[in-house]
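Note sheet for the following structure.
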Ligand code: WT7
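In our numbering, the protein residues as written are -4 to 623.
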């Protein structure tokens, strides 16, 4: 993609100076200087705020493209999240509030959460799980999901959380890809007041998933569903029959903590592997110094633990920082578009971290919903997942922030594990810009030749130095891992286009590869295309992202039918349904066009940019490589 001149606005909002005085990080520029002067010292000092069973000997070893952090340090993530807090003044502090769609509520203090995690960890052990085994977690946004994650971390099992909105094929690929020995699920999830069975999706996904020894089922429905005696275990029976105390496993800093699948550009999702020590330090650092979590905060991140945002900023970072977390299964507009504001008022939420797609939805519903509620407990607003466009920023700033609150637009990725770019608390905010790299992170924007572009010119975003919570591997695909680190001067290529202004503020323009970000979810064109082609009516398919006011992008599919099939509304419905069942609702195209031919290069690559341009009524650009 060629570099382009971009016109940038210079609009700025200055935050209340009080924020800077009270923030954990009082002077971002000074902290950044400290990092530049002594990068290892910077990370080493942060790591000392956490507990290590055995201290590390060296901060990092970098042998391109492989980094190791906190060499020979021994630690445990669940110990640092739970025991460390439960041993001190936070013992009786609420760690987790949960609000169900039906009005039910639950809470766990740090002590209580530790108790649950220890027993469930022993339950997993009783099923034969030991350090290094993979456990897949396919559950809705409920406390047991978090208990399951922390229990894995406690015994050194590698979790692979799969978002409960994924369909059976997507789930199957993730279970077998990681070689999961156990899958933990629930009988159902509740969406918009409706019960959606989860276990049948898992049953389908388990066909030919030979690594799985047992499944564990959280039964929430009345009457309880039946379980197969030998193979299916009840979540609470497993827990209640287990020992109370489970000492944390001594993990090496570089032992894997989890695998999380993210969309690939070539069909197969990529299993991103994160390790224990570096990820722990990175998420702790950013939860404390970027999100500015204090003991008095009630913290709400509206993501799902099935995504990296949930791993880093619902579960691990905030618990490491000793936060009180709020979670809910509720969707933002059910029973009406006031429900989230109602929860903010009810629980006194002070840090609210959400996504542009939700903000744009609230904008559409109008100011009257938030205006019905007392939002005065709010102190900090955050956004993640896709660009926070200036209109959405303004609305968030004026209507929710009452022109007082800082907004953190945080840019990062599944692969980075932690925040990389944002406007830190107390710094001037610029609508449309994520901000500058945070202390600890070195980035640049470069052209095709790898040369830095001047301000106002777009280019590829790269990260120039390793950071503690960087992914360590793409599961079973070293080649793919290496590709990430093929930027200029051995840098990491983010596959995002970006532009910088004179003050170094970075605006993210979107992906430069074949991923589409739909409502903040990363979807691979190839994944949707292979799902479509798997249908008997489809010979070939091409999928593109079209800009959408609400979702950021929407998925548009072009299909070529096989002989003997003709275009009907029913057939299109069938195809959409087929994608929904195999991949899940988030991957369903918003429209399908039946075509006679797909534009291809002479080597047979589908030219998606041509389809996109035609669909949007734009000039398709250089067609010299097109066949016919
Ligand atoms: C891609 C990573 C990081 C958690 C959620 C998504 C886009 C993410 C922003 C932002 C503009 C953003 C990028 C990135 N993205 N945050 N604040 N502004 N774009 O994680 O699924 O790994 O997706 O999301 O394109 O590369 P992910």
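The beta carbon of each residue, even a glycine, is placed where N, CA and C say it ideally should be.
Got a sec, what are the start and stop residues for the beta strand (DSSP E) residue i sits in?
| i | result |
| --- | --- |
| residue 210 | 209 to 213 |
| residue 502 | 501 to 506 |
| residue 94 | 89 to 94 |
| residue 488 | 487 to 495 |
| residue 55 | 53 to 58 |
| residue 552 | 547 to 556 |
| residue 329 | Run containing residue 329: none; DSSP gives neither H nor E here. |
| residue 586 | 586 to 589 |
| residue 606 | No beta strand (DSSP E) contains residue 606, which is instead part of the alpha helix (DSSP H) from 603 to 610. |
| residue 455 | 454 to 458 |
| residue 265 | 265 to 270 |
| residue 99 | No beta strand (DSSP E) holds residue 99; DSSP gives it neither H nor E. |
| residue 439 | 438 to 441 |
| residue 251 | 251 to 257 |
Should residue i be labelled buried (16 or more other beta-carbon atoms within 10 Å of its own) or exposed?
| i | result |
| --- | --- |
| residue 25 | exposed |
| residue 6 | exposed |
| residue 335 | buried |
| residue 270 | buried |
| residue 275 | buried |
| residue 176 | buried |
| residue 338 | buried |
| residue 309 | buried |
| residue 351 | buried |
| residue 362 | exposed |
| residue 611 | exposed |
| residue 140 | buried |
| residue 40 | exposed |
| residue 31 | exposed |
| residue 9 | exposed |
| residue 545 | exposed |
| residue 223 | exposed |
| residue 163 | buried |
| residue 392 | buried |
| residue 677 | The first residue shown for the chain is -4 and the last is 623, placing residue 677 beyond what the model contains. |
| residue 577 | buried |
| residue 202 | exposed |
| residue 579 | buried |
At what residues does the alpha helix (DSSP H) containing residue i begin and finish?
| i | result |
| --- | --- |
| residue 526 | 520 to 528 |
| residue 144 | 138 to 150 |
| residue 531 | Where residue 531 is concerned, there is no enclosing alpha helix (DSSP H), given that its DSSP letter is neither H nor E. |
| residue 118 | 105 to 121 |
| residue 576 | 564 to 578 |
| residue 664 | Missing from the structure shown is residue 664; the chain here goes from -4 to 623 and no further. |
| residue 473 | 473 to 479 |
Can you give me the Cβ contacts of residue i inside the same chain, cut-off strictly under 6 Å, excluding the 5 residues immediately before and after it?
| i | result |
| --- | --- |
| residue 374 | 345 |
| residue 305 | 298 and 299 |
| residue 390 | 358 |
| residue 340 | 368 and 369 |
| residue 284 | 19 and 20 |
Please go through the same chain and pick out, in chain order, the residues whose beta-carbon is closer than 7 Å to the beta-carbon of residue i, but skip the five residues on each side of it.
| i | result |
| --- | --- |
| residue 76 | 145, 311, 314 and 315 |
| residue 197 | 133, 166, 178, 180 and 210 |
| residue 47 | 68, 69 and 70 |
| residue 583 | 571, 574 and 575 |
| residue 685 | A query on residue 685 cannot be resolved here, the shown segment of the chain reaching from -4 to 623 and no further. |
| residue 79 | 46 |
| residue 291 | none |
| residue 326 | 186 and 187 |
| residue 566 | 532 and 560 |
Check the C-beta distance from residue i over to residue j and give it rounded, since I have them as a contact under 8 Å.
| i | j | result |
| --- | --- | --- |
| residue 18 | residue 420 | 5 Å |
| residue 293 | residue 91 | Not a contact, Cβ separation roughly 11 Å. |
| residue 412 | residue 481 | At roughly 20 Å, the Cβ-Cβ gap does not stay under 8 Å, so residue 412 and residue 481 are not in contact. |
| residue 593 | residue 524 | Contact flag wrong, Cβ pair sits at about 10 Å. |
| residue 445 | residue -2 | Not confirmed; about 12 Å, so no contact. |
| residue 349 | residue 378 | 6 Å |
| residue 188 | residue 329 | 6 Å |
Which residues in the same chain as residue i place their Cβ atom closer than 8 Å to its Cβ, once the five residues preceding and following it in sequence are excluded?
| i | result |
| --- | --- |
| residue 21 | 15 and 421 |
| residue 475 | 259, 265 and 469 |
| residue 191 | 183, 184 and 185 |
| residue 130 | 119, 124, 143, 147, 152, 153, 154, 155, 175, 176, 177, 178 and 179 |
| residue 88 | 80, 104, 105, 290, 317 and 319 |
Kindly provide the ranges of any alpha helix (DSSP H) runs that are 4 or more residues long and lie completely inside the stretch 167 to 247, ordered along the chain. 194 to 200 and 230 to 235
4-residue-minimum alpha helix (DSSP H) runs that sit fully inside the stretch 357 to 429, ordered along the chain: 363 to 366 and 385 to 390
At 3 residues or longer, and completely inside the stretch 1 to 67: list those beta strand (DSSP E) runs for me, N to C. 53 to 58 and 61 to 66
In the stretch 280 to 346, which residue ranges form an unbroken alpha helix (DSSP H) of at least 4 residues, counting only runs that do not cross its ends? 312 to 315 and 334 to 342
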